Amino acid sequence: MLKKERYREFVEYFSTHNPEAQTELNYSNPYELLVAVILSAQCTDKRINQITPALFDRFPEVDALAASSVEEIFSYIRSVSYPNNKAKHLLGMAQKLIAEFQGEVPEKVEDLVKLPGVGRKTANVISSVVFNKPAMAVDTHVFRVSNRLGLTSRATTPLAVEKQLVKFLPKETIAIAHHWLILHGRYICLARKPKCEICPITYFCKYFEKTYQQKAG
DNA sequence: ATCCCGAGGG
DNA sequence: CCCTCTGGAT
């Protein structure tokens with residue numbers, strides 16, 4: 003199957019079966035989403051959702067977070083991955099938001115990545131989810147699933163995957179396709195043992211084709 | 001042992 | 001490009 007056809011099948015299937023796909027991180031405003039996404043690095047969303055209620059209760063606004071300390075923030079996030087780094091990033095992020103962005107989460111990716119703890123992936127999440135921009139955030143799931151399905155070819159870096167997805171996906175589906183890929187990777191196309199036996203989209207999957215297709219003759 | 005919505009620094 | 005950070009689930 004041609005790559006172009008895989009894209010068509012991909013959009014056709016998920017726009018029909020999951021037109022409301024969205025993040026599973028709990029948040030109620032851009033500031034909270036930014037904090038949650040920074041915390042989510044190398045950590046399950048489920049774990050993040052377990053600790054953010056107390057965190058947001060203590061730091062309901064950017065100002066409260068900026069006025070805190072690495073030690074106090076650490077005490078709220080000690081059960082996530084890399085709590086020391088993330089405590090420093092959150093404090094620095096909050097202080098920079100106030101110093102340079104009037105306490106508001108900026109809209110441009112180029113501004114977002116200036117914030118401590120915010121790399122390209124996090125910036126693209128904020129850009130697409132908060133500001134409805136056609137940005138593709140490539141995390142471990144998007145990277146793995148795109149390559150398995152055959153939506154990308156010879157893409158060895160997250161940036162290469164991002165460029166190909168943005169190029170070949172219909173513009174209006176880029177933001178939601180991020181969530182389609184995440185959710186598919188999280189529940190079906192698992193990293194260690196993909197559940198091909200229950201996967202509904204093997205009919206256009208390159209990985210399934212290569213792995214399970216009977217050889218002629 | 002490997003993975004989870006990575007980022008920063010060398 | 002590489003390495004480090006670093007907790008919990010499977």
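For what it's worth, my numbering labels the leading residue of the first sequence as 3, then goes sequentially.
Where is the CB? At the ideal position from N, CA and C, for every residue including glycine.
Just so you know, these numbers come straight off a predicted model, no measurement behind them.
For Pro32, the first and last residue of its enclosing alpha helix (DSSP H): To locate residue 32, count along the first sequence from 1; it is residue 30. 32-41 is the span of the alpha helix (DSSP H), which, as asked, contains Pro32.
Top-ranked residue by Cα proximity to Ile100, from Tyr189, Ala66, Cys191: Position 98 of the first sequence, counting from 1, holds the residue named residue 100. That would be Ala66, whose Cα lies nearest to the Cα of Ile100.
Cβ neighbours of Val120 in the same chain (closer than 6 angstroms, five flanking residues each side left out): Numbered from its first residue, the first sequence carries residue 120 at position 118. Closer than 6 angstroms at the Cβ level, and outside the excluded window around Val120, lie Leu114.
Contacts around Val82, its chain only, beta-carbon distance under 7 angstroms, and the 5 residues preceding and following it disregarded: Taking the first residue of the first sequence as position 1, residue 82 is located at position 80. Closer than 7 angstroms at the Cβ level, and outside the excluded window around Val82, lie Leu41, Cys45, Arg49, Ile50, Ile53, Lys88.
Boundaries of the alpha helix (DSSP H) in which Phe133 is found, first to last residue: Translated into positions along the first sequence, residue 133 becomes position 131. Where Phe133 is concerned, there is no enclosing alpha helix (DSSP H), given that its DSSP letter is neither H nor E.
First and last residue of the uninterrupted alpha helix (DSSP H) at Arg150: Numbered from its first residue, the first sequence carries residue 150 at position 148. From DSSP, the alpha helix (DSSP H) with Arg150 extends over 142-151.
Whether Tyr209 touches Arg156 by CB criterion (9 angstroms): Counting from 1 along the first sequence, the entry for residue 209 is found at position 207. Counting from 1 along the first sequence, the entry for residue 156 is found at position 154. Their beta carbons are not under 9 angstroms apart, which means Tyr209 does not touch Arg156 by this criterion.
DSSP state of Ser17 mapped onto helix, strand, coil: Residue mapping note: residue 17 aligns to position 15 of the first sequence, counting from 1. DSSP places Ser17 in helix when its eight states are reduced to three.
For Pro85, three-class secondary structure by DSSP: Locating residue 85 in the first sequence gives position 83, counting from the first residue. Helix at Pro85.
Cys207 - DSSP class collapsed to helix/strand/coil: As a first step, residue 207 is located in the first sequence; it is residue number 205 there, counting from the start. Cys207: coil per DSSP, three-state reduction.
Spatial distance of Pro32 from Ala38 (CA atoms): By 1-based counting over the first sequence, the position of residue 32 is 30. By 1-based counting over the first sequence, the position of residue 38 is 36. Pro32 and Ala38 have their alpha carbons spaced roughly 10 angstroms apart.
Which of helix, strand or coil DSSP assigns to Ala125: Walking along the first sequence from the start, residue 125 turns up at place 123. Per DSSP, reduced to three states, the secondary structure at Ala125 is helical.
Stretch-stretch touch, CB-based, cutoff 8 angstroms, three pairs: the segment 122-129 with the segment 169-176: Note that the segment 122-129 does not touch the segment 169-176; fewer than 3 beta-carbon pairs, one per stretch, sit closer than 8 angstroms.
Under 9 angstroms between C-beta atoms of Pro196 and Ile190: As a working note, residue 196 is residue 194 in the first sequence. As a working note, residue 190 is residue 188 in the first sequence. In this structure, Ile190 lies closer than 9 angstroms to Pro196 by Cβ.
Alpha-carbon to alpha-carbon, Arg80 and Leu185: In the first sequence, the residue the question calls residue 185 occupies position 183. In the first sequence, the residue the question calls residue 80 occupies position 78. Distance between the alpha carbons of Leu185 and Arg80: 26 angstroms.
Simplified DSSP assignment, three categories, for Tyr9: Within the first sequence, residue 9 is the residue found at index 7, counting from 1. Tyr9 sits in a helix when the DSSP states are folded into three classes.
Ala218 classed as buried or exposed, judged by whether at least 16 other C-beta atoms fall within 10 angstroms: As a first step, residue 218 is located in the first sequence; it is residue number 216 there, counting from the start. Any reading at Ala218 is ruled out, since the residue's pLDDT is 46, under 50, leaving its predicted position unreliable.
Alpha-carbon to alpha-carbon, Phe206 and Glu164: Locating residue 164 in the first sequence gives position 162, where the first residue counts as 1. Locating residue 206 in the first sequence gives position 204, where the first residue counts as 1. Those two C-alpha atoms are separated by around 20 angstroms.
Contact under 9 angstroms by Cβ, Pro62 with Gly94: To locate residue 62, count along the first sequence from 1; it is residue 60. To locate residue 94, count along the first sequence from 1; it is residue 92. Contact: no.
DSSP-derived helix/strand/coil call for Phe61: Indexing the first sequence from 1 puts residue 61 at position 59. Reduced to three states, the DSSP call for Phe61 is coil.
Buried versus exposed call for Glu22 [16 or more other C-beta atoms within 10 Å across all chains shown]: In the first sequence, counting from the first residue as 1, residue 22 sits at position 20. Flag for Glu22 reads exposed.
Met25 to Val132 span [Cα, whole Å]: Looking up residue 25 in the first sequence gives position 23. Looking up residue 132 in the first sequence gives position 130. Met is not the amino acid found at residue 25; the sequence shown has Thr there. So the two alpha carbons sit approximately 11 angstroms from each other.
Beta-carbon proximity list for Arg146, same chain, < 8 angstroms, skipping 5 on both sides: Position 144 of the first sequence, counted from the first residue, corresponds to residue 146. For Arg146, same chain residues with a beta-carbon under 8 angstroms away, outside a window of 5 residues either side, are Gly187, Cys191, Ala193 in chain order.
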